[in-house]
Each structure stands twice: as structure tokens, then as C-alpha cells.
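Reminder that position 69 of the sequence shown reads as 57 in our numbering, one-by-one numbering, no gaps.
Using N, Cα and C, we set each Cβ at its ideal position, and we do this for glycine too.
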Amino acid sequence: MSFVVRDLVKSYGEKVVVDHLNLTMEKPGVYALLGTNGAGKTTSLRMILGMLEKDSGEVLFNDAEMNPKNMNIGYLAEERGLYPKYALIDQLLYFARLKGVKKGDAMKRIKHWSARLELDEYLFPPKTAKGKKPKAKLADQLSKGNQQKIQLMAALISDPEFIILDEPMSGLDPVNTDLFKEVIREEIAKDKYVIMSSHQMPTIEEFCTDITILNHGKTVLQGNLDEIKKSYGRVNLFVKCESEIEDLIAQEGLTIVEKLPSEYHIRVSGEEQAMKFLRLLIDKNVTIIRFELREPSLHEIFVEKVGGYVQNDAAAKAEGEEEGATNEKE
């Protein structure tokens, strides 16, 4: 089995929102679709799901045109998708029915996920002191994080074979972020196909083996994340010492990327230059607390690939606003 997106295109008038997107998953796992706001990620996901008509291209699953109507797909949208004034249980049963899950099976799964996601107090609250059944909880009575839990439950209630997670950690505190990660790992262990879109780069590094970075609808970087990082080389050096070393950094002609409290992030050309600087520190009897040479993070790679575009967009927007203000004065 495999999942393939081939030459996917979407335009609105003359504006191309998704420009010939291609990606392939040869086996179950997690694929990351990344980009800045407005890069075309959500549009791409909606075309994959059949929620949005594509201009051209194809989406294949197991060598056949992917038809979400005939597939068991779980979708966690970035936007909140709950009805604020309807009981949570009723909504979950409704979402399950849409996926063809019988009511009895749906209730069993709701109870399982309610316990797993620590939602029993909202979905199955105990009777009052007088033995009365409490009123059903509504979606707008929950915090943003607990609403996200309900939406994850709705996405997984049909035990989908294919899962799309658009900003899954949005609105979560650290404890619930870890809980979501545990659940995602459990789904991965079941050999599910997962596409994840997120602005949290450490999360992407934790889960995803392959990535595509979009900018203005175009693919600016694609491939295996480990191979991409290796291609950059080990050029990031992190040094923390008991004494000040900025003069020694300058002496070696090294570039300081960032100065943190008692620690430096330094850009080097490679391992040879890093080892030369290490020998200098040792010769100067400097006490070294941390000396780490590593490849760039996904965050750094992402900024390199799209940062210039973002700055140019911001500058163009500012220039346009300034020109408009000048015209108004005239």
C-alpha cells in the first residue's frame, strides 16, 4: 500500500494557491506538510480529503484514486469544528454515525477515549449529591485544550486507517501536549498513515521521517528529514564555559549566531574548525561545561528556506501601505 499526491494544483483567479504539489508515502508512518501561514497547507489537505475541488492532479491510495467517501479517514482540523450549544456526547455519537459506527460500538469507543484523554468529568460526570443526573456538558463550556481533546476523539472514533492532523497541539498545555503525543505514537504503532501539519518544529522532528515545505504554494524543500539535515553538515556549535570566551571566538574568526546567558551558539565550517577551537579552549585552561556540534534543526532549515520570502512579503506589504497612505494625503 502507498499514498501518492501527484501534481496537485489549486488556483483562485490568477492566484495559484497550490502549485503542482507532489508527495509519496510508500508505507505507514508520519509525513509532515509545513509552511508559513498562507503557504497552501490547509488547502492541500482539504483537496486530499475531497472537501475542496482540485484544479488538476490526482491523489492515490493503494494505486487507486483516493475517495474519502469510501475510506475510513480521521481529520483533526486546525479550526474548532464543534457545535457550541450541543451536548458533547450527542456530537460524538453524530460524528461516529457519519463514519458508519453503530451506536453501541460508538459508546464503547467514547468511553475508551474519554478515559484515555482524561475527559470523564465532562462526558460522564458523577451524579449530584442529591442523586440527580447532571446536565450534559456543552462544547462552549470547555477550555480550548479540552475542546481539542474532543476533536481528537471525534477524529479517532472510527479507528481510521488514514489520519490527517492539522496543528494537533494547538491550545494544549505541556501536560496535554505529552498526552496527545502518546496517543499519536499509539496510532503510529498500529501502522496508520498520518499526515501532520504544524508550526511546532520540535514536534515534527519527533514524529516525522519525511517532509515537504511549501511557500506560496510551491515546494521549496522535500525529502527525508535525516538526509536533509545531514546535507547541511554539522555546522552549529554550542559552547558554555565557566569564563568569558568571546575574545577567543573573535580570535578564531568565528561567527556568533546567538549569545545566551553564559553560552554561545557559533557557526563553524565543519568539524575541523570546531576541533581547532576546542584545542584553543583547552590550551587556555578554560573550563568547558558544554561543547556540542550538531546539524541544523528543522526550525533553522525552515527559516532559511522561507524566511526571506516572509521578509519580502512583509516589506512589500509595508511599502504598499505606505504608498497608499501617501496617495490619500495627496
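Compute the Euclidean distance between the alpha carbons of residue i and residue j, then round it to the nearest angstrom.
i       : j       : result
Lys3    : Asp108  : 47 Å
Thr24   : Gly205  : 10 Å
Lys218  : Lys272  : 32 Å
Met189  : Glu292  : 14 Å
Gly295  : Val227  : 26 Å
Leu22   : Gly241  : 35 Å
Lys(-2) : Gly38   : 13 Å
Ser285  : His8    : 27 Å
Ala238  : Tyr220  : 24 Å
Phe150  : Leu269  : 52 Å
Ser32   : Leu(-4) : 8 Å
Tyr297  : Ile192  : Legend: pLDDT at Tyr297 = 47, less than 50; position of this residue unreliable, value from coordinates given subsequently. Each residue's Cα considered, the two are about 22 Å apart.
Ser257  : Thr243  : 10 Å
Glu232  : Ser250  : 8 Å
Asp179  : Thr207  : 27 Å
Ala262  : Leu167  : 39 Å
Ala94   : Glu215  : 42 Å
Gln210  : Phe290  : 11 Å
Ser44   : Pro72   : 36 Å
Ala103  : Ile138  : 12 Å
Gln129  : Gln79   : 14 Å
Leu248  : Leu236  : 16 Å
Asp198  : Arg173  : 16 Å
Ile277  : Arg255  : 18 Å
Glu106  : Lys169  : 14 Å
Lys367  : Trp101  : Within the shown structure, residues of the chain are numbered from -11 to 318, placing residue 367 beyond reach of any answer.
Arg267  : Phe279  : 12 Å
Apart from the five residues just before and just after residue i, which ones in its own chain have a Cβ nearer than 6 Å to its Cβ?
i      : result
Glu230 : Thr275
Leu11  : Val(-7) and Thr200
Pro113 : Pro122
Gly159 : Lys132, Gly133 and Gln136
Phe265 : Glu240
Phe195 : Val18
Val5   : Lys(-2), Gly28, Thr31 and Gly205
Leu40  : Arg34
Gly62  : Ala143, Leu144, Pro148 and Ile151
Can you list, in chain order, the residues of its chain with a C-beta nearer than 8 Å to that of residue i? Leave out the 5 residues immediately preceding and following it.
i        : result
Lys115   : Lys121 and Pro122
Ser(-10) : Thr12, Met13, Glu14, Lys15, Leu48, Phe49, Asn50 and Asp51
Tyr74    : Leu126 and Ala127
Glu318   : Here Glu318 scores only 40 on pLDDT, less than 50, and its place in the model should not be relied on; the value that follows carries that caveat. Correct list: empty, nothing qualifies.
Asp147   : Asn60 and Arg97
Glu288   : Asn224
Lys323   : Any answer about residue 323 is impossible in this case: the structure gives the chain only from -11 up to 318.
Ala124   : Ala75, Leu76, Ile77 and Asp78
Asn55    : Gly38
Tyr0     : none
Which same chain residues end up closer than 7 Å to residue i when comparing Cβ atoms and leaving out the 5 residues on each side of it in sequence?
i      : result
Gln135 : Arg68, Leu70 and Ala127
Glu246 : His253
Tell me, to the nearest whole angstrom, how far the beta carbon of residue i is from that of residue j; I am working on the premise that it is less than 8 Å.
i      : j      : result
Asp154 : Glu66  : 4 Å
Val89  : Ile145 : 6 Å
Ala143 : Leu64  : 4 Å
Asn212 : Arg282 : Wrong, their Cβ atoms sit about 18 Å apart, outside the cutoff.
Leu111 : Leu76  : 6 Å
Met184 : Ala84  : Contact doesn't hold; Cβ gap of about 23 Å is too wide.
Arg222 : Glu259 : 6 Å
Do residue i and residue j have their CB atoms nearer than 8 Å?
i      : j      : result
Asn60  : Lys99  : no
Val18  : Val182 : yes
Ser186 : Pro162 : no
Leu81  : Lys96  : no
Met35  : Lys29  : no
Ala27  : Asn203 : yes
Counting only beta-carbon atoms, is residue i nearer than 8 Å to chain D?
i       : result
Ser(-1) : Judged by its chain identifiers, the structure shown contains no chain D, having just a single protein chain.
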